[in-house]
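*Asks:*
Residue numbers (my numbering): 6 to 568.
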């Protein structure tokens with residue numbers, strides 16, 4: 006069948022967007038081509054909120070037939086954290102049939118070159134963007150995020166991260182010219198002359214192992230980084246969050262077909278209950294790249310056992326905020342309250358440990374004791390979440406029973422400064438919604454150390470009393486070095502303390518936010534400008550997104566000819 010999308014059409018439509026993305030990753034300024042307000046959707050072919058909800062509802066009771074080779078059955082069974090059964094089935098693959106079929110299209114994809122690959126990837130993202138409202142519902146009902154967060158994080162912000170990866174991939178591939186004429190003078194003799202051609206060559210098949218909480222936001226960087234560098238990509242979603250990535254694969258296969266490429270360059274590997282195919286897939290010889298977000302235990306296993314592949318992991322960490330002093334006490338409390346509450350703390354960037362001097366802190370409202378700071382923070386969270394409608398809009402739903410169990414167990418670890426409460430969601434009465442718990446611990450007591458030095462994923466934070474700012478920095482250093490951290494925050498008006506915290510984060514490679522009191526929060530990052538993770542501490546061996554995240558997904562192969 007003739008291609009419906011020509012290279013000329015794709016370049017004409019998407020090259021200006023790529024150029025803007027390339028300029029933005031150079032300047033680190035704000036830019037996004039994907040609107041983050043629902044009212045921006047509904048025109049130029051995009052679905053509005055009602056149409057997106059209708060499209061999502063229409064998926065119930067259907068099979069998403071991707072036309073993949075080797076389909077040997079159908080799997081499903083996702084249940085929304087909001088209590089509804091999704092009722093969607095997905096193809097189950099015979100890997101011995103699917104993987105060879107995926108490799109078959111790589112030559113043409115490799116030969117297309119970096120620019121055309123980037124254009125195809127941007128067309129995939131454009132079509133996903135047109136269905137943002139449908140994807141928002143899919144993310145909401147697999148992750149438990151509240152709608153606005155599912156819309157923003159699962160839609161435009163995820164699409165931004167995917168585009169960012171495409172831009173970095175293009176930069177790294179175009180760093181070396183396609184051809185070169187090489188001449189070496191030989192004195193009185195004729196010069197030596199060679200014509201050289203340099204081709205970015207993909208590693209093989211990339212495997213994206215999806216996560217439950219942010220299936221698109223965490224999945225798109227690896228997917229598009231591998232695809233843009235010439236690799237085929239197999240997407241293995243989390244069993245509880247298949248739908249958003251299945252829709253992504255569906256769109257990708259449609260665009261690849263229309264652009265004249267093999268649709269099997271992108272495929273889905275959904276699994277039967279309890280099948281656990283991630284280990285099998287990650288160690289197959291065809292898999293040459295692995296992108297993973299999830300637990301430290303499995304991330305460590307991948308790094309140790311997927312020896313044939315380049316492995317990129319984002320694992321667990323213990324995120325820390327040092328509270329030493331502030332010139333905006335109310336703003337600090339409000340900022341922290343929001344950070345602890347957003348999506349019930351089910352983010353890899355949510356603060357867990359708040360290190361507060363036991364002798365108290367200096368503020369623009371006078372000196373505050375450790376007990377006053379923890380009590381005031383508890384009141385700030387209560388004020389933020391006191392209205393159930395607003396609480397539901399911020400908290401979403403608890404994503405799985407393990408998070409609920411950790412939340413309930415945390416209250417037994419120390420004195421409770423803020424007790425968690427149940428919130429009823431009138432639209433989804435079966436949803437498990439809980440406000441955060443804040444537990445007071447002592448940084449000088451060995452018996453408390455086990456609690457605050459381990460990640461407690463979910464709406465759990467520890468207000469840890471420390472001896473001094475120096476003690477806080479010491480604990481921060483040790484925590485990042487041994488356990489890792491995706492984020493670090495600090496509040497201080499003391500230049501020496503600020504310098505000490507900054508040096509600790511530079512030494513241990515942790516991303517730092519200082520004195521946030523407004524509408525930017527420590528657990529949020531902006532594509533094209535902020536780095537998510539650093540790749541330099543145990544929480545993650547890669548950063549989203551930098552050159553290192555894409556450059557080792559391909560190698561440059563040279564062919565020399567006598568001129």
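No residue lacks a Cβ here, since even glycine has one placed at the ideal position from N, Cα and C.
On a predicted model such as this, the values are computed, not experimentally measured, just so you know.
Going by alpha carbons, who is nearest to residue 259 out of 72, 276, 457?
*Replies:* Within the chain shown, residue 259 is the residue found at index 254, counting from 1. If we check each option's Cα against that of residue 259, 72 comes out closest.
*Asks:* Go ahead and pull the three-state DSSP assignment for residue 570.
*Replies:* With the chain covering 6 to 568 only, the question about residue 570 has no answer from this structure.
*Asks:* Could you check if residue 280 is buried or exposed, using at least 16 other CB atoms within 10 Å of its CB as the buried criterion?
*Replies:* One-based indexing of the chain shown puts residue 280 at position 275. It counts as exposed.
*Asks:* Pull up the distance between the alpha-carbon of residue 19 and that of residue 159, whole angstroms please.
*Replies:* On the chain shown, position 14 is the one that residue 19 refers to. On the chain shown, position 154 is the one that residue 159 refers to. Their Cα atoms are separated by approximately 22 Å.
*Asks:* Opposite residue 542 in the DSSP bridges: which residues?
*Replies:* Taking the chain shown and counting its residues from 1, one reaches residue 542 at position 537. Its beta-bridge partners are 545.
*Asks:* Would you identify the three-state DSSP class for residue 207, choosing helix, strand or coil?
*Replies:* Taking the chain shown and counting its residues from 1, one reaches residue 207 at position 202. In this structure, residue 207 counts as strand in the three-state DSSP scheme.
*Asks:* Have a look at residue 7 and residue 222 and give me their C-alpha separation to the nearest angstrom.
*Replies:* Counting from one through the chain shown, the residue named residue 7 turns up at place 2. Counting from one through the chain shown, the residue named residue 222 turns up at place 217. Any reading at residue 7 needs caution, since the residue's pLDDT is 45, under 50, leaving its predicted position unreliable; the model's value is listed next. The alpha-carbon atoms of residue 7 and residue 222 are separated by roughly 34 Å.
*Asks:* Evaluate the contact criterion for the stretch 504-511 versus the stretch 344-361: three or more CB pairs, one atom per stretch, below 8 Å.
*Replies:* Taking 8 Å as the limit for Cβ pairs, the verdict is that the stretch 344-361 does not touch the stretch 504-511.
*Asks:* Have a look at 122, 127, 68 and flag the residue whose alpha-carbon is nearest the alpha-carbon of residue 38.
*Replies:* Counting from 1 along the chain shown, the entry for residue 38 is found at position 33. Minimum Cα distance to residue 38 is reached at 127.
*Asks:* Using the Cβ count rule (16 or more neighbours within 10 Å means buried), how would you classify residue 97?
*Replies:* Start at 1 with the first residue of the chain shown, and residue 97 comes out as number 92. With 16 or more other Cβ atoms within 10 Å, it is buried.
*Asks:* What do you get for residue 518, buried or exposed, if any count of 16 or more other CB atoms within 10 angstroms of its CB means buried?
*Replies:* As a first step, residue 518 must be located in the chain shown, where it is residue number 513. With 16 or more other Cβ atoms within 10 Å, it is buried.
*Asks:* Please classify residue 413 as buried or exposed, where buried requires at least 16 other C-beta atoms within 10 Å of its C-beta.
*Replies:* In the chain shown, the residue the question calls residue 413 occupies position 408. Exposed, since its Cβ has fewer than 16 Cβ neighbours within 10 Å.
*Asks:* Counting pairs of beta carbons, one from the stretch 331-345 and one from the stretch 519-538, are three or more of them closer than 8 Å?
*Replies:* Yes, since at least three Cβ pairs between the stretch 331-345 and the stretch 519-538 fall closer than 8 Å, the two stretches touch.
*Asks:* Is it right to say residue 255 is buried, meaning 16 or more other beta carbons lie within 10 angstroms of its own, or is it exposed?
*Replies:* Taking the chain shown and counting its residues from 1, the one referred to as residue 255 is at position 250. So residue 255 counts as buried.
*Asks:* Under DSSP, the beta strand (DSSP E) around residue 292 begins and ends at which residues?
*Replies:* Stepping through the chain shown from its first residue, residue 292 is reached at position 287. Residue 292 -> beta strand (DSSP E) spans 292-298.
*Asks:* Ordered along the chain, which non-local residues of its own chain (more than five positions away) have a Cβ less than 7 Å from that of residue 103?
*Replies:* As a first step, residue 103 must be located in the chain shown, where it is residue number 98. 73, 74, 75, 272.
*Asks:* Residue 537 bridges to which residues according to DSSP?
*Replies:* Here the question's residue 537 lines up with position 532 in the chain shown. 549, per the DSSP bridge assignment.
*Asks:* I'd like to know whether the C-beta atoms of residue 317 and residue 233 end up nearer to each other than 8 Å.
*Replies:* On the chain shown, residue 317 is found 312 positions in, with the first residue counted as 1. On the chain shown, residue 233 is found 228 positions in, with the first residue counted as 1. No; because the gap between Cβ atoms is not below 8 Å, this pair is not in contact.
*Asks:* In terms of alpha-carbon separation, which member of 355, 209, 298 lies closest to residue 219?
*Replies:* If you number the chain shown from 1, residue 219 lands on position 214. For residue 219, the nearest C-alpha among the options comes from 298.
*Asks:* Check whether the Cβ of residue 311 lies closer than 8 Å to any Cβ atom in chain C.
*Replies:* Among the chains of the structure shown, chain C does not appear; only one protein chain is present.
*Asks:* In the DSSP assignment, find the alpha helix (DSSP H) that holds residue 387 and state where it starts and stops.
*Replies:* The sequence position of residue 387 within the chain shown is 382, counting from 1. Here the alpha helix (DSSP H) through residue 387 covers 375-390.
*Asks:* Under the rule that 16 or more other beta-carbon atoms within 10 Å means buried, what is residue 105, buried or exposed?
*Replies:* Looking up residue 105 in the chain shown gives position 100. The residue in question, residue 105, is exposed, as its Cβ has fewer than 16 Cβ neighbours within 10 Å.
*Asks:* Using DSSP bridges, identify the partner residues of residue 76.
*Replies:* Translated into the one-based positions of the chain shown, residue 76 becomes position 71. Answer by DSSP bridge pairing, in chain order: 98.
*Asks:* Tell me the rounded alpha-carbon separation between residue 58 and residue 149.
*Replies:* Here residue 58 refers to the residue found at position 53 when the chain shown is read from its first residue. Here residue 149 refers to the residue found at position 144 when the chain shown is read from its first residue. Roughly 16 Å separates the two Cα atoms.
*Asks:* Judging by CA-CA distance, which residue of 470, 198, 441, 184 is the nearest neighbour of residue 561?
*Replies:* Residue 561 sits at position 556 when you count from the first residue of the chain shown. Here the closest residue by C-alpha is 184.
*Asks:* Kindly confirm or deny that the stretch 204-214 and the stretch 238-252 touch, where touching means at least three C-beta pairs closer than 8 Å.
*Replies:* Segments in contact, yes.
*Asks:* Tell me whether the beta-carbon of residue 491 lies closer than 8 Å to the beta-carbon of residue 369.
*Replies:* Here residue 491 refers to the residue found at position 486 when the chain shown is read from its first residue. Here residue 369 refers to the residue found at position 364 when the chain shown is read from its first residue. For residue 491 and residue 369, no; Cβs fall outside 8 Å.
*Asks:* Does the distance from the CB of residue 205 to the CB of residue 196 come in under 8 Å?
*Replies:* For the purposes of this step, residue 205 is taken as the residue at position 200 of the chain shown. For the purposes of this step, residue 196 is taken as the residue at position 191 of the chain shown. Result no, Cβ atoms of residue 205 and residue 196 do not sit closer than 8 Å.
*Asks:* Keeping to the same chain, check which residues put their C-beta closer than 6 Å to that of residue 178; ignore five residues upstream and five downstream.
*Replies:* Translated into the one-based positions of the chain shown, residue 178 becomes position 173. Excluding sequence neighbours, residue 178 sits near 119, 205.
*Asks:* Can you look up residue 191 in the DSSP assignment and give me helix, strand or coil?
*Replies:* Position 186 of the chain shown holds residue 191. Three-state result, residue 191: strand.
*Asks:* In angstroms with no decimal places, state the Cα-to-Cα distance between residue 82 and residue 275.
*Replies:* Here residue 82 refers to the residue found at position 77 when the chain shown is read from its first residue. Here residue 275 refers to the residue found at position 270 when the chain shown is read from its first residue. Taking the straight line joining both Cα atoms gives about 11 Å.
*Asks:* Going by other Cβ atoms of all chains shown within 10 Å of its Cβ, with 16 needed for buried, is residue 429 buried or exposed?
*Replies:* Locating residue 429 in the chain shown gives position 424, counting from the first residue. Flag for residue 429 reads exposed.
*Asks:* Using DSSP bridges, identify the partner residues of residue 493.
*Replies:* Walking along the chain shown from the start, residue 493 turns up at place 488. Per DSSP, 325, 517.
*Asks:* Indicate whether residue 231 and residue 134 have their beta-carbon atoms separated by less than 8 Å.
*Replies:* Residue 231 sits at position 226 when you count from the first residue of the chain shown. Residue 134 sits at position 129 when you count from the first residue of the chain shown. Cβ atoms of residue 231 and residue 134: not closer than 8 Å.
*Asks:* In the DSSP assignment, the beta strand (DSSP E) including residue 559 goes from what residue to what residue?
*Replies:* Residue mapping note: residue 559 aligns to position 554 of the chain shown, counting from 1. Element bounds for residue 559: 559-567.
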